[in-house]
Ligand SMILES: NC(=O)c1ccc[n+]([C@@H]2O[C@H](COP(=O)([O-])OP(=O)(O)OC[C@H]3O[C@@H](n4cnc5c(N)ncnc54)[C@H](O)[C@@H]3O)[C@@H](O)[C@H]2O)c1
Ligand SMILES: [Zn+2]
Ligand SMILES: [Zn+2]
């Protein structure tokens, strides 16, 4: 806490990247102040995501995304402590998460109500200061207020990636469909749980980590494939699928995953791809065309339809809620952030969350 008796502020703790090549450090930064339409949130928990690992490393992906100085962090939960003078719909004391994509409001898609397709999106913790900090400031329109007592700080910290999973898994109707999920990272695992809830028939998950494949099974996958050892086709035979998968959810971003998915799709199959590849991927376009396969890229969450779906899903299905909550496998005090980043980088376990409540 940093407010002084005179109402002035001292520094507050934040993970800070002074320049692309500077190390990420826990330092004192000025306490942020909300503009007229903004909300100031006392951060309780922040999830560590692949984007944050790129930012920590200062690698080519980070160079393409960020403009330091920057406080990263975009997956968070906290309590509203101050609202700008024109804020009407969010109150001090609300427990909230935040949609990390701040949209322009004026491009064609924004004006048509398709804000997830804004051409000038600014991302919290990427192009503006984020939530690896005691406080974060975001526009009122980006705040998602949780129902009272409904969401733990740990679960609240993963609403952003849960939203990626929900957005991707609900892109195509799931009922009765055979579904292939490539990549059982935290988002792939959540997508499996959502697909199971949404009525999928058979769900197959791939990864190269036995630990993550076990998590995929626990989340509702009927079969798993370690693609470092066997081909997806073997799983089709095990499950008695005769024509291929109806829906593919690409959740790895790994170069070889999409081509093998395409090989295993039924005619008329539908693919939603969230995974972010680092380079170009060769795809059998002849097969895509002649089998009339639909491909849908997925970015972020639909504003705010996905958020309503997320809260409703958790509210309606205790099994799904437990499966989503169990994706958080490590919670560390923010002072141990380096350990947390190392754990996230290791690719073991599930989501790593930092806790800012006791600094
Ligand atoms: N489009 C978006 O808006 C958006 C948002 C968030 C994340 N993403 C991307 O979604 C993907 C999933 O995110 P995450 O946080 O779960 O990431 P993650 O890196 O934790 O998960 C990826 C998983 O893929 C596995 N994998 C590695 N090689 C594989 C292979 N050959 N086949 C199948 N799986 C393989 C890894 O072991 C890991 O478990 C990442 O590519 C991430 O960059 C995209
Ligand atoms: Zn993220
Ligand atoms: Zn816009």
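Numbering (the working numbering), first residue to last: 4 to 362.
Glycine included, C-beta positions come from ideal geometry on N, C-alpha and C.
With 16 or more other Cβ atoms inside 10 Å of its own Cβ, residue 138 counts as buried. Residue 293 and residue 169 have their C-alpha atoms some 29 Å from each other. A distance below 7 Å between beta-carbons, with the five flanking residues on each side excluded, links residue 60 to no residue of its chain. If you draw a straight line from the Cα of residue 47 to the Cα of residue 214, it is about 28 Å long. Taking C-beta atoms as the reference points, residue 210 and residue 187 count as a pair closer than 9 Å. DSSP places residue 209 in the uninterrupted beta strand (DSSP E) bounded by 206-210. In the three-state reduction of the DSSP assignment, residue 335 falls in the strand class.
Of the other Cβ atoms in all chains shown, 16 or more fall within 10 Å of the Cβ of residue 145; this residue is therefore buried. The alpha-carbon separation between residue 65 and residue 245 amounts to approximately 43 Å.
Under the DSSP definition of a beta bridge, residue 35 lacks any partner.
Per DSSP, the beta-bridge partners of residue 268 are 248.
The straight-line gap separating the alpha-carbon atoms of residue 54 and residue 98 is approximately 25 Å.
Residue state for residue 109 is assigned as coil, using DSSP reduced to three classes.
Nearest in C-alpha terms to residue 280, of all of 361, 242, 240 and 254, is 254.
Where residue 147 is concerned, the enclosing beta strand (DSSP E) starts and stops at 146-148. If you check the CB distance, residue 113 and residue 105 do not come in under 9 Å. DSSP, read as helix, strand or coil, puts residue 139 in strand. In the three-state reduction of the DSSP assignment, residue 62 falls in the coil class. At a Cβ-Cβ threshold of 9 Å, residue 206 and residue 225 count as neighbours.
Residue 54 has its Cβ nearer than 8 Å to a heavy atom of ligand 2. For residue 47, the uninterrupted beta strand (DSSP E) segment begins and ends at 41-51. For the options 196, 37, 30 and 102, the alpha carbon positioned closest to that of residue 305 is the one of 102. Relative to residue 91, the option among 78, 57 and 143 whose CA is nearest is 143.
Within the DSSP bridge table, the entry for residue 101 names 146 as partners. With respect to the C-alpha of residue 284, the residue from 302, 291 and 260 having the closest C-alpha is 260. According to the DSSP secondary-structure assignment, residue 80 is paired through a beta bridge with 48 and 100.
Exclusion of the five residues before and after residue 19 leaves 27, 28, 29, 30, 32, 72, 73 and 74 as the residues of its chain whose Cβ lies within less than 8 Å of its Cβ.
Between the C-alpha atoms of residue 199 and residue 318 there is a straight-line separation of about 16 Å.
Taking 9 Å as the cut-off, the Cβ atoms of residue 353 and residue 329 count as close.
Contact residues of ligand 1 (beta-carbon closer than 7 Å to any heavy atom; chain order) are 52, 53, 164, 167, 185, 186, 187, 188, 189, 190, 191, 209, 210, 211, 212, 215, 230, 254, 255, 256, 257, 259, 260, 277, 278, 279, 301, 302, 303 and 350.
Judged by DSSP in its simplified three-state form, residue 14 adopts strand. Per the coordinates, the alpha-carbon of residue 76 lies some 16 Å from the alpha-carbon of residue 34. Exposed is the label assigned to residue 24, since fewer than 16 other Cβ atoms lie within 10 Å of its Cβ. A straight line joining the alpha-carbon of residue 270 with that of residue 232 spans about 26 Å.
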